[in-house]
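K.L.:
Before anything else, here's the structure in question.
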Amino acid sequence: MTASGEDLRFMQLALALGRRGLGNAWPNPAVGAVVVKDGVVLGRGFTQPGGRPHAETQALRQAGEAARGATLYVTLEPCSHHGKTPPCTDAIIASGIARVVSALGDPNPKVAGEGYARLRAAGIAVIEGLCAAEARRAHAGHIRRILDGRPHVTLKLAVSADGKAALPGGKPVQITGEETRARVHLMRAMNDAIVVGIRTVLADDPALTCRLPGMLAASPVRVVLDPALRLPESSQLVASASDIPVWVFCAPDASKEHEAVLGQHKVRIMRGEGGPQGLDLPAVLRALCERGITRLMVEGGPKVAASFLRADLVDEACLLRGAATIGPDGIDALDGLPLSTLTESPNLAVTGNEIVGGDSHFHYERHGRR
223 MTASGEDLRF MQLALALGRR GLGNAWPNPA VGAVVVKDGV VLGRGFTQPG
273 GRPHAETQAL RQAGEAARGA TLYVTLEPCS HHGKTPPCTD AIIASGIARV
323 VSALGDPNPK VAGEGYARLR AAGIAVIEGL CAAEARRAHA GHIRRILDGR
373 PHVTLKLAVS ADGKAALPGG KPVQITGEET RARVHLMRAM NDAIVVGIRT
423 VLADDPALTC RLPGMLAASP VRVVLDPALR LPESSQLVAS ASDIPVWVFC
473 APDASKEHEA VLGQHKVRIM RGEGGPQGLD LPAVLRALCE RGITRLMVEG
523 GPKVAASFLR ADLVDEACLL RGAATIGPDG IDALDGLPLS TLTESPNLAV
573 TGNEIVGGDS HFHYERHGRR
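This is how it looks when you write it as structure tokens:
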């Protein structure tokens, strides 16, 4: 059995639904699902905040008894194991679904083909691999977490026309226009967590929230790399930590007194392993993964961005280049590295570029999985 043009159309709908869960479905993948019979959509669903309910059970619940004999389109192989909820395969079989079209197999060893096998054993026709490349991008965080034990990392780098990130002395400056800044806020909403270094916090006092209209609740976990634990109690991050999580990684010998002060504001302190830049980045990523983070956005500043590139931990990059120049005394976009470390990286390839407002956007992706 092969997929049809109608199958492609409904899988595209399932993928669009799944993207709604990006940034808030963690630790689970952001799956989309659609139940269709005779060309009519009977139910639709996407993974809800915190990972439950799952997309398939939502779509089946909407369809109700009409699901009998219908087709289920789903962006990831349905789960076949008991977790905090029963397997989605059980719900699909019980619903009377006749056919399942799935975009991508689940690399989770608890699933890994078992979901498809259980559906076929129940007499349900299964088509695999429709829109697999698009689904692989949508589920990159889940795949990276399962196979590599770390989140999928996206580096956002805003640079002036002459490759600078700030004015002399590190003084902040608006490099890109309103349209680009809106894109960045949407990127924040589609990631589970965002990371900056303490220098960025001290220089800019950022909120690191999603400030698109009505989307404050979609803000990611804010992560600060702060080896000496200098995060000011007066910062915007600390002031909002009880509403939007703030996690700080510091060195083992950082001040316990300041940790207690920050803890009173609901800031979560994690003492990491030491490294060349103060903290061991692979260890930080493993710790984030253990806490359920699947998609991490690296937003600043030049030292942190360079550290991720040096450690070969960048899976995607968005280079946002403004039209204005700053001058030779400005701060380089990558601390101690030329911008070509990103733009000419042997591990990253340009996969797209566009003009947004007066800015140029370039998107890079890692070759293969590693």
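Be aware that the sequence shown starts at 223, since it is given in our numbering, and climbs by one per residue.
Ideal Cβ placement from N, Cα and C applies to all residues, glycine included.
Taking buried to mean at least 16 other C-beta atoms within 10 Å of its own C-beta, is Glu538 buried or exposed?
P.N.:
Buried is the call here.
K.L.:
Where in the region 303-343 do unbroken runs of the beta strand (DSSP E), each at least 3 residues long, occur, reported from the N-terminal end onward?
P.N.:
Those beta strand (DSSP E) runs which fall completely within the region 303-343 and span 3+ residues are 321-324.
K.L.:
Can you round the beta-carbon distance between Ala415 and Pro442 to whole angstroms, since I take them to be within the 8 angstroms contact cut?
P.N.:
Their Cβ separation, rounded to whole angstroms, is 5 angstroms, which keeps Ala415 and Pro442 in contact under 8 angstroms.
K.L.:
Would you kindly check if the distance between the Cβ of Asp502 and the Cβ of Glu495 is under 8 angstroms?
P.N.:
Yes, the Cβ-Cβ distance between Glu495 and Asp502 is below 8 angstroms.
K.L.:
What residue does the alpha helix (DSSP H) around Lys488 start on, and which one ends it?
P.N.:
Taken as a continuous stretch (DSSP letters only), Lys488 belongs to no alpha helix (DSSP H), as it is neither H nor E.
K.L.:
Indicate the three-state DSSP secondary structure (helix, strand or coil) for Arg592 in the structure shown.
P.N.:
Reliability of the predicted coordinates at Arg592 is poor, the pLDDT of 47 falling under 50, and the value obtained from them is presented with this limitation in mind. Of the three classes helix, strand and coil, the one that applies to Arg592 here is coil, per DSSP.
K.L.:
Can you name, in chain order, every residue of its own chain whose Cβ lies under 6 angstroms from the Cβ of Ser582, other than the five neighbours on each side?
P.N.:
Closer than 6 angstroms at Cβ, skipping near neighbours: Arg543.
K.L.:
Quick check on DSSP: helix, strand or coil for Gly227?
P.N.:
Gly227: helix per DSSP, three-state reduction.
K.L.:
Using DSSP with H/G/I as helix, E/B as strand and the rest coil, what is Ala476?
P.N.:
Looking at Ala476 - three-state DSSP - the assignment turns out to be coil, as it is neither helix nor strand.
K.L.:
How is the alpha helix (DSSP H) around Arg358 delimited, first residue to last?
P.N.:
From DSSP, the alpha helix (DSSP H) with Arg358 extends over 354-360.
K.L.:
Inspect the beta-carbon positions of Gly351 and Thr297 and report whether they are closer than 8 angstroms.
P.N.:
Contact flag unset, no.
K.L.:
Can you tell which of Lys378, Arg367, Ile315 has its C-alpha closest to the C-alpha of Val348?
P.N.:
Comparing Cα positions, the closest option is Ile315.
K.L.:
Please return the same chain residues whose Cβ sits closer than 8 angstroms to the Cβ of Ile346, not counting the five positions on each side in sequence.
P.N.:
Once the five neighbours on either side are set aside, the close Cβ partners of Ile346 are Ile314, Ile315, Ile319, Ala320, Arg321, Val322.
K.L.:
Closest Cβ-Cβ distance between Ser562 and chain C: below 8 angstroms?
P.N.:
In summary, chain C is missing from the structure at hand, where a single protein chain is found.
K.L.:
So within the region 528-569, which uninterrupted beta strand (DSSP E) runs reach at least 3 residues, ignoring any that extend past its ends?
P.N.:
Runs found: 538-543.
K.L.:
Taking Cβ positions, are Arg266 and Val253 nearer each other than 8 angstroms?
P.N.:
Taking 8 angstroms as the Cβ cut-off, Arg266 and Val253 do not qualify as a contacting pair.
K.L.:
So what does DSSP say about Asp581, is it helix, strand or coil?
P.N.:
Asp581: strand per DSSP, three-state reduction.
K.L.:
Check whether the region 401-413 and the region 429-449 touch, using three or more Cβ-Cβ pairs below 8 angstroms as the test.
P.N.:
Touching, yes, given that three or more Cβ pairs across the two stretches are closer than 8 angstroms.
K.L.:
Let me know the secondary structure DSSP gives Gly500 once reduced to three states.
P.N.:
Note: Gly500 maps to coil in three-state DSSP.
K.L.:
Using a 10 Å radius around the Cβ and a threshold of 16 neighbouring Cβ atoms, would you call Leu369 buried or exposed?
P.N.:
So Leu369 ends up on the exposed side.
K.L.:
Answer yes if the region 543-556 comes into contact with the region 384-398, meaning at least three C-beta pairs across the two stretches below 8 angstroms, and no otherwise.
P.N.:
With a cut-off of 8 angstroms, the region 543-556 and the region 384-398 count as touching, because enough Cβ pairs lie within range.
K.L.:
Ignoring anything shorter than 4 residues or poking outside the region 342-416, list the alpha helix (DSSP H) runs there in chain order.
P.N.:
With a minimum length of 4 residues, the continuous alpha helix (DSSP H) runs that stay inside the region 342-416 are 354-360, 362-370, 400-411.
K.L.:
In the DSSP assignment, what are the bridge partners of Phe471?
P.N.:
According to DSSP, which records beta bridges pairwise, Phe471 is partnered with Leu447, Met492.
K.L.:
Can you tell me whether Gln280 is buried or exposed, with buried defined as 16 or more other CB within 10 angstroms of its CB?
P.N.:
Under this definition Gln280 is a buried residue.
K.L.:
How far does the beta strand (DSSP E) with Ala255 in it extend, from its first residue to its last?
P.N.:
Residues 254-259.
K.L.:
Pick out whichever of Asn575, Glu481, Asp426 has its Cα sitting closest to the Cα of Glu455.
P.N.:
Nearest of Asn575, Glu481, Asp426 to Glu455, Cα basis: Glu481.
K.L.:
Give the secondary structure of Met519 by DSSP, where H, G and I count as helix, E and B as strand, and everything else as coil.
P.N.:
Strand at Met519.
K.L.:
Are Arg372 and Leu561 closer than 8 angstroms when you measure CB to CB?
P.N.:
Not a contact, by the Cβ cut-off of 8 angstroms.
K.L.:
Mapping DSSP to helix, strand and coil, what is Arg266?
P.N.:
In this structure, Arg266 counts as strand in the three-state DSSP scheme.
K.L.:
Taking the straight line between their C-alpha atoms, what separation do you get for Ser529 and Ala247?
P.N.:
When rounded, the distance between both Cα atoms is 28 angstroms.
K.L.:
Among Val333, Thr516, Gly243, which has the Cα closest to the Cα of Gln270?
P.N.:
If we check each option's Cα against that of Gln270, Gly243 comes out closest.
K.L.:
Of the choices Ile466, Gly385, Leu518, whose alpha-carbon is the least far from that of Thr563?
P.N.:
Thr563 has its Cα closest to that of Gly385, out of Ile466, Gly385, Leu518.
K.L.:
Would you say Val460 and Ile491 are within 8 angstroms of each other, going by their C-beta atoms?
P.N.:
Not in contact: Val460 and Ile491 (Cβ atoms no closer than 8 angstroms).
K.L.:
Between the C-alpha atoms of Arg410 and Gly245, what's the straight-line distance to the nearest angstrom?
P.N.:
Approximately 8 angstroms, taken between the alpha carbons.
K.L.:
What does a CB cutoff of less than 6 angstroms around Pro474 pick up in its chain, not counting 5 residues either side in sequence?
P.N.:
Arg493.
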